[in-house]
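*Asks:* Protein chains in written order, with my numbering: chain C, 8 to 314; chain B, 123 to 406. Beta carbons are placed, not taken as given, at the ideal position from N, Cα and C, and that holds for glycine. First, the structure itself, so that you have it in front of you.
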Amino acid sequence: MRPAVVVTGISGNLGRVLAKLLHKSERIIGIDRRPFVGRPKDVEMYQLDLRKKKAEDVFRKNEIGAVIHMGIMHDPRMSEEEHHSFNVVGTTRLLEYCAKYGVKKVVVLSSANVYGPSPDNSNFLTEDAPLMAAGRFSGVRDLIEVDMLAHGFFWRHPDINTVILRPVHIVGPTIKNAPSNYLRLRHPWTLAGFDPMVQLIHVQDAGRALVEALRPELKGVYNVTGPGEVPLSAVLRELGHTAIPVPHPVARPLLGLLFKYRLANFPPPELDHIQFLCNVDGSRWQKEAGWKLRHSMRETIRSVLGD
Amino acid sequence: MFEGLGDKVRQRLKGWTETMAGEERKQELQALARTENEYGVDPFGFNLDYSLAAVAPLLWLYRKYFRVEAFGLEKLPKGRVLLVSNHSGQIPLDGAMIGVALMMEARPPRAIRSMVEKWVPTLPYISTLFARVGQIVGTPENCRRLLESDEAILVFPEGARGIAKLWPQRYQLQEFGLGFMRLALETNTPIVPVAVIGAEEQAPALLDVKPLAKLLGFPAFPITPTGLPFPLPTKYRLYFGDPMTFTGRPDDEDSELDKKVRTVKSAIQSMIHQGLKERRGIFW
């Protein structure tokens, strides 16, 4: 039996895209608390919580050549303790197993969001820019902690090939993250007078980046960009949406109320992304991975609608 | 901002600019759109049409109000360049006039980028306007990236010290920051010294009410003869000097960089002297 690639978070929308891209060339073992709908027959699936001891069995009973860790929860409605425990404890356990069972390649999916949108930001942040997102938004703190855990792992285990990918906003027809949900609104809010440049990446391109990351010569932190940057207004215009400009002093308290009473699903700090820049320089990935995108900016934007 | 006022207003302003600029310049300006992607913006958000619309009132000021005369534009090197100028006049119209000169009179036209303060992106409408006309937050990374794309950057090393200076200090260069020199050394960029004559007298400030400025969160609160720093129609003269190239380590000690900065400072100072000698009056 050849070594397997463990993919956590495989039941998510990005996970399923990844599985379809990878299952023909690699033996995949998926781990997720949720069932994997539409699982290809050659993908083994374990419905487990990474924090439980049972998860170690996957490593004990199989030869694991690589791990792709996407099992990070992003649910603004979930309690902070549960969120934190799932993400931080789960990641810690997973990395422990990787070290214990001699897994040669570990890919952790982080996000360009860790830099945090801010008026101070340069227009293109490189991988060594500080991760400031938690300053204004505690919900992103977990993501930063996971990113930092992966960093620590990278330095402590120089014999293990660790890759941390920070892609820009991933969008796609079935993706349900904040940017995709926002772009699907028929009348999305904008903050009156603000029109920041935004970067998007098509879910298929993001999946392919995760596959590329398995290559043995790639290691370290990489920002992964899509087809470039465009003003938010151009994205909304391409999708045919009419924006509702809301004055910024009013927007946050108003959204806070709507979120509290479940009339909106975006916590107020998300508004930072439609006000300030959080764009990255992806040249390290482009150079080292020979990165070639398959989807143009137009296709990437329109993928939100399921084109 | 222009989205709200509508494409109509933008078109009319752009038309006004093109009329003032003339047919030949109008054609030449199109070259500035070459860095734009399919959505009409360069990676920093610059859009030529928007800039042409926004420049209309500034072009009017250039031609009719300040009646700017620019000397030495032919000395500008092609490709990357750092324009270093004296700063004065309470409001940064000197920057605007240098910008118009480069767009409307330099051959080929250049769209200069200047550095804006970190609080500009927090302002609605202003933040978008500045991005569309190519002005970006002055981080070293942004500057480096633009210079490596062969853009032209305008800096005022005196900063607020220059623009807010009071009447008795007019035409006396204040202390220069060293950042621009590090940038020039890192990116191998020639420096063109620029002297602006006429901006000093546009809003002569007799007093700076610092406590009031602090209260309102302004960098300064100048008291001028007209009350507010509303600019008087002084005659502007812009002098562009010969390009200066510097070599050395960008991470050198301040004292080393200071020597190089002083050569730029004295180049500007001598152009200021020359300009003051040559002019016949403040308003003509």
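Can you list the beta strand (DSSP E) stretches of 3 or more residues lying completely in the region 158-213 of chain B, in chain order?
*Replies:* 191-193 and 203-207
*Asks:* Across the region 153-172 of chain B and the region 224-237 of chain C, are there enough close Cβ pairs to call them in contact, namely three or more that are closer than 8 Å?
*Replies:* yes
*Asks:* Determine the chain B residues that contact His255/C at a beta-carbon separation under 7 Å, and present them in chain order.
*Replies:* Pro246
*Asks:* Look at Asn230/C and Gly289/C and say whether their C-beta atoms are less than 8 Å apart.
*Replies:* yes
*Asks:* Less than 8 Å separating the beta-carbons of Val318/B and Tyr293/B?
*Replies:* no
*Asks:* According to DSSP, is Met204/C part of a helix, a strand, or is it coil?
*Replies:* strand
*Asks:* At 8 Å on the CB atoms, spell out the chain B contacts of Met8/C, in chain order.
*Replies:* Chain B residues near Met8/C: none, gap ~48 Å exceeds 8 Å.
*Asks:* Per the contact definition of three or more C-beta pairs closer than 8 Å, is the region 352-367 of chain B in contact with the region 266-284 of chain B?
*Replies:* no
*Asks:* Rounded to the nearest angstrom, what separates Met123/B and Thr250/B at their Cα positions?
*Replies:* Because Met123/B carries a pLDDT of 42, less than 50, the predicted location of this residue cannot be relied on, and the following value inherits that uncertainty. Using only the alpha carbons, I get a separation of about 7 Å.
*Asks:* Exposed or buried, Ile36/C, counting other C-beta atoms within 10 Å across all chains shown (16 or more means buried)?
*Replies:* buried
*Asks:* Taking C-beta pairs closer than 7 Å, name the residues in chain B that Val237/C reaches, listed in chain order.
*Replies:* Tyr161 and Val163
*Asks:* Relative to the C-alpha of Ile213/B, which residue among Arg229/B, Met393/B and Phe340/B is closest?
*Replies:* With distances taken between Cα atoms, Ile213/B lies closest to Phe340/B.
*Asks:* Quick check on the DSSP output: what are the complete alpha helix (DSSP H) runs of length 4 or more inside the region 267-352 of chain B, in order along the chain?
*Replies:* 282-285, 301-309 and 332-338
*Asks:* Quick one: what's got a C-beta closer than 6 Å to Lys197/B's C-beta in the same chain, skipping five residues either side?
*Replies:* Phe362 and Asp364
*Asks:* Look at the alpha carbon of Gly22/C and the alpha carbon of Val210/C, and state the distance between them as a whole number of angstroms.
*Replies:* 10 Å
*Asks:* Distance, Cα to Cα, Glu372/C vs Ile220/B?
*Replies:* It is not possible to answer for residue 372/C, since the shown part of chain C is limited to 8 through 314.
*Asks:* When the Cα of Arg266/B is compared with those of Phe302/B, Ala286/B and Leu288/B, which residue comes out closest?
*Replies:* Minimum Cα-Cα distance from Arg266/B among the listed residues Phe302/B, Ala286/B and Leu288/B corresponds to Phe302/B.
*Asks:* For Arg305/C and Ile208/C, I'd like the C-alpha separation in whole angstroms.
*Replies:* Straight across, the Cα-Cα distance linking Arg305/C with Ile208/C is about 11 Å.
*Asks:* By Cβ distance, which residues of its chain are closer than 6 Å to Gly263/C, with the 5 residues on each side in sequence left out?
*Replies:* Pro275
*Asks:* Against Phe283/C, what residues of chain B qualify as contacts under a CB-to-CB distance less than 7 Å, listed in chain order?
*Replies:* Result: Pro243.
*Asks:* With which residues is Trp196/C paired in a DSSP beta bridge?
*Replies:* Ile251/C
*Asks:* What first and last residue would you give for the alpha helix (DSSP H) that runs through Gly260/B?
*Replies:* Looking at the DSSP string, Gly260/B is not in any alpha helix (DSSP H), and its letter there is neither H nor E.
*Asks:* Which residues in the same chain as Phe193/B place their Cβ atom closer than 6 Å to its Cβ, once the five residues preceding and following it in sequence are excluded?
*Replies:* Tyr361
*Asks:* How would you call Thr197/C, buried or exposed, if buried means at least 16 neighbouring beta carbons within 10 angstroms?
*Replies:* buried
*Asks:* Could you tell me which residues DSSP pairs with Val13/C in its beta bridges?
*Replies:* Ile36/C and Val74/C.
*Asks:* Can you give me the C-alpha to C-alpha distance between Arg2/C and Thr98/C, rounded to a whole angstrom?
*Replies:* Residue 2/C is absent from the model: chain C starts at 8 and stops at 314.
*Asks:* Does any residue of chain C bring its CB to less than 8 Å from the CB of Met123/B?
*Replies:* With a pLDDT of only 42 at Met123/B, under the threshold of 50, the placement of this residue in the model should not be trusted, and no figure is reported.
*Asks:* Three-state secondary structure (DSSP) at Glu277/C?
*Replies:* helix
*Asks:* Are the C-beta atoms of Val228/C and some chain B residue less than 8 Å apart?
*Replies:* No, its Cβ sits nowhere closer than 8 Å to a Cβ of chain B.
*Asks:* Assuming Gln257/B contacts Ser236/B under a Cβ cut-off of 8 Å, what Cβ separation, rounded to an integer in Å, is found between them?
*Replies:* 5 Å
*Asks:* Taking beta-carbon pairs under 7 Å, can you tell me which members of the region 125-150 of chain C lie near chain B?
*Replies:* For the region 125-150 of chain C, which is checked against every Cβ of chain B, the residues closer than 7 Å are Pro126, Asp127, Ser129, Asn130 and Phe131.
*Asks:* Which residues bound the beta strand (DSSP E) around Ser236/B?
*Replies:* Arg235 to Val238
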